[in-house]
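Have a look at the structure below, then the notes.
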Amino acid sequence: MAMAGEKGRGRWFVIAVPYLWLLALFLAPFLIVFKISLSQDVVAQPPYAPTLDLAQGWAGFTEFLSGLSFANYGYVLDFSNEFLEAYGSSLIIASISTVLLLLVGYPIAYAMARAPRSIQPTLLMLVILPFWTSFLIRVYAWIGILSQEGLLNQALLALGVIDTPLEILNTNLAVYIGIVYSYLPFMVLPLYAALEKLDLTLLEAAADLGCPPAKAFWTITFPLSLPGVAAGALLCFIPAVGEFVIPDLLGGSDTLMIGKSLWTEFTVNRSWTVSSAVAVLLLLVLVIPIVVYQNIQQRELEAGK
Amino acid sequence: MRKGLTWFNITSIVLGFAFLYIPILLLVIYSFNASRLVTVWAGFSTQWYWALLENEQLMDAAWVTLRIAFFSSLVATVLGTMAALTLTRYGRFPGRTLFSGMIYAPLVMPEVITGLSLLLLFVAVNFDRGFWTVLLAHITFTMCFVAVVVQSRLVTFDRALEEAALDLGCPPFKTFFKITLPLILPAVVSGFMLAFTLSLDDLVIASFTTGPGATTLPMRIYSQVRLGVTPEINAVCTILIAIVTVVVIIASVMTKRAENQRQAEERAAMTG
């Protein structure tokens, strides 16, 4: 099959430009992070050592290699330094949030897929619209709602549901609300895409054969929507593990999340080498979900052809 | 099961949309509050909007952010479209797996990692941090979103037209601009808009990669938000929400019209 510019320089140009860009600004930075994670902090410019001095040739290179060490990893993995706890609690918070997102998102996506065709595009746009408005603004909106004198407490007090204001802001509960709220479109869209493709004759056949709706849902609809469930779950889980803004603005001082620890290590303690080690370990934790996510994306793409 | 909505479905949609929209609505309402206390309603007022115009720091930050968002999304759209063509049109080539990996990974990569790694790159090559470094960083992470959006259009696209042009001797370069680009234009435009809003919105990557003199609006908002909720911030947010809403609605109406027109033309071509 003839493809646009299959042969010739045009093809290589189209491939090379984005390829080189990503090599230089996506892959190379990771190698630098890895290298710095093996270095030590020094008071100099740049604030880490050793640096590779190519002018000294081979001797410079061996000196550079001998200066590298895994000391920062030892520091990060030391139980007394709270980083391990932060990794653990990030994974837990992200997992619980993903389950909550599924519970909230699935009924919405399901109802959207069942809605009359004519209003589906409108519903879809209504789900996407909040995603276009700033993430920071959406998180900020919850501060005014959840705080001690916030709108939620005022409403509950006025209704007589509670006598004393609830403490929600600066707790993990607020972090869950924030994550579920900000990531909901990422969950609903892949679920909707999977449910919308569902062949309804399968359900009709099940009903004709006397299968109750609930059983038909669990034996037909849900298994067939699993690709959407997996895509949505990973699309929410992976960024949630490294989330910084939500735990910082809505969480309390005892909310440990690794994205926040990395930020603090970098901006407050100003240790570039330790933050690099934290980033490398975070990437190691996430590499399996990221690869699984890429495979799902790839399969979707092949299926679309 | 019949097609159609049950009470459970309607309740899910209503509650879901209430959850999505009530917080934003409250934020907008309280930006018109006369009181400085954001949680106590004291009558309608637009004073906070006027106060914004006096706030030079915020206005400067808004201007920096708009420039970065515009230029970064322009470049990201070109690079992302090229990447999408590479992924869908060029079959296998050495290093394709690495390439698709580098396209998909940034979509889910925690921002703290992307930000830190780009900063360390700029330090390593001794690049002065500021406007340009944020621009480069934004191009890099938004081009992948553009690539995915354009790619999804390219895979569902009828190749016959392209092939016909090529068979008739139209050079590939011209075929792209005459045939392919007009057909995928809605996706390219939504890719551009996605890149624009992502750039407008970004706090973490910009904070890592910026330098003196290039403070973006999210960075300003963030540093004020940390001190608490203020009506000025509500007003800034309301303006941003209004801009985004209007742009998205106009764009979706335009895409829909373009899509209808395209379908009509295709039908006409088939029957004519």
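Chain order of the listed sequences is A and B.
Here the UniProt record's numbering is used: position 145 in the first sequence is 145, and no number is missing along the way.
Here the UniProt record's numbering is used: position 176 in the second sequence is 176, and no number is missing along the way.
The beta carbon of each residue, even a glycine, is placed where N, CA and C say it ideally should be.
The Cβ of residue 187 of chain A sits no closer than 8 angstroms to any Cβ of chain B.
Every alpha helix (DSSP H) of 4 residues or more that sits fully in the region 42-119 of chain A is shown, in chain order, as 57-67, 71-77 and 83-114. Proximity to residue 55 of chain B across B:153, B:220, B:98 and B:135 peaks at B:220, based on C-alpha coordinates.
Contact note: residue 204 of chain B reaches chain A through 244, 245, 259 and 263, using a C-beta cutoff of 9 angstroms and chain order.
Just measuring C-alpha positions, the residue of B:192, B:68 and B:166 sitting nearest residue 180 of chain B is B:166.
Taking CB atoms only, residue 123 of chain B has a neighbour in chain A less than 8 angstroms away.
As a beta-bridge residue in DSSP terms, residue 44 of chain B pairs with B:33.
The beta carbon of residue 39 of chain A sits closer than 7 angstroms to those of 48, 49, 50, 68 and 273, all from its chain and outside the five residues before and after it, given in chain order.
Fewer than three beta-carbon pairs drawn from the region 164-183 of chain A and the region 249-257 of chain B are found closer than 8 angstroms, and the two stretches are therefore not classed as touching. Proximity of chain B to residue 184 of chain A at the Cβ level (cut-off 7 angstroms) is accounted for by 20, in chain order.
In the three-state reduction of the DSSP assignment, residue 40 of chain A falls in the strand class, which pools E and B.
Against chain A, a Cβ distance below 8 angstroms from residue 151 of chain B picks out 301. Using a Cβ-Cβ cut-off of 8 angstroms, residue 105 of chain B is close to 26, 290 and 294 of chain A, given in chain order. Assignment of residue 90 of chain B by DSSP, reduced to helix, strand and coil, places it in the coil class.
Under a 10 Å Cβ-count criterion, residue 66 of chain A is classified as exposed, with fewer than 16 other Cβ atoms of the shown protein chains found around its own Cβ. Look at residue 110 of chain B: its C-beta is under 8 angstroms from a C-beta on chain A. The region 104-120 of chain A makes no contact with the region 277-284 of chain A, as fewer than three CB pairs between them are under 8 angstroms. Inside the region 150-194 of chain A, DSSP marks whole alpha helix (DSSP H) runs of 4 or more residues at positions 151-159, from first to last along the chain.
Think of a sphere of 8 angstroms around the beta carbon of residue 212 of chain B: no beta carbon from chain A falls inside it, the nearest being about 15 angstroms out. Taken atom to atom, the span from the alpha-carbon of residue 160 of chain B to that of residue 112 of chain A is near 34 angstroms. A distance of 8 angstroms or more separates the beta carbons of residue 30 of chain B and residue 294 of chain A. Taking a Cβ-Cβ cut-off of 9 angstroms, the neighbours of residue 143 of chain B in chain A comprise 18, 21 and 22, given in sequence order. Assigned with DSSP and collapsed to three states, residue 202 of chain A falls in helix. For the options A:34, A:204, A:229 and A:271, the alpha carbon positioned closest to that of residue 195 of chain A is the one of A:229. Check the Cα spacing between residue 42 of chain A and each of A:271, A:100 and A:285: the tightest is with A:271. Counting only residues of its own chain and dropping the five nearest sequence neighbours on each side, residue 176 of chain A has a CB closer than 7 angstroms to the CB of 96, 97 and 100. For residue 252 of chain B, the uninterrupted alpha helix (DSSP H) run begins and ends at 231-271, by DSSP. For residue 59 of chain B, no CB of chain A lies under 8 angstroms from its own CB, so it is not counted at the interface with that chain. For residue 174 of chain B, the uninterrupted alpha helix (DSSP H) segment begins and ends at 172-175.
Taking one beta carbon from each stretch, the region 83-90 of chain B and the region 146-154 of chain B have 3 or more pairs nearer than 8 angstroms; the two touch.
For residue 225 of chain A against residue 191 of chain A, the beta-carbon gap comes to about 7 angstroms, under 8 angstroms, which counts as contact. Contact between the region 234-251 of chain A and the region 100-116 of chain B is present, with at least three C-beta pairs closer than 8 angstroms. DSSP, read as helix, strand or coil, puts residue 16 of chain B in helix.
Three or more Cβ pairs closer than 8 angstroms define a contact, and the region 111-125 of chain B meets that threshold against the region 252-264 of chain A. Minimum Cα-Cα distance from residue 13 of chain A among the listed residues B:238, B:201 and B:172 corresponds to B:172. Contact residues of the region 144-175 of chain A toward chain B are 144, 145, 147, 149, 150, 151 and 154 (C-beta to C-beta distance below 8 angstroms).
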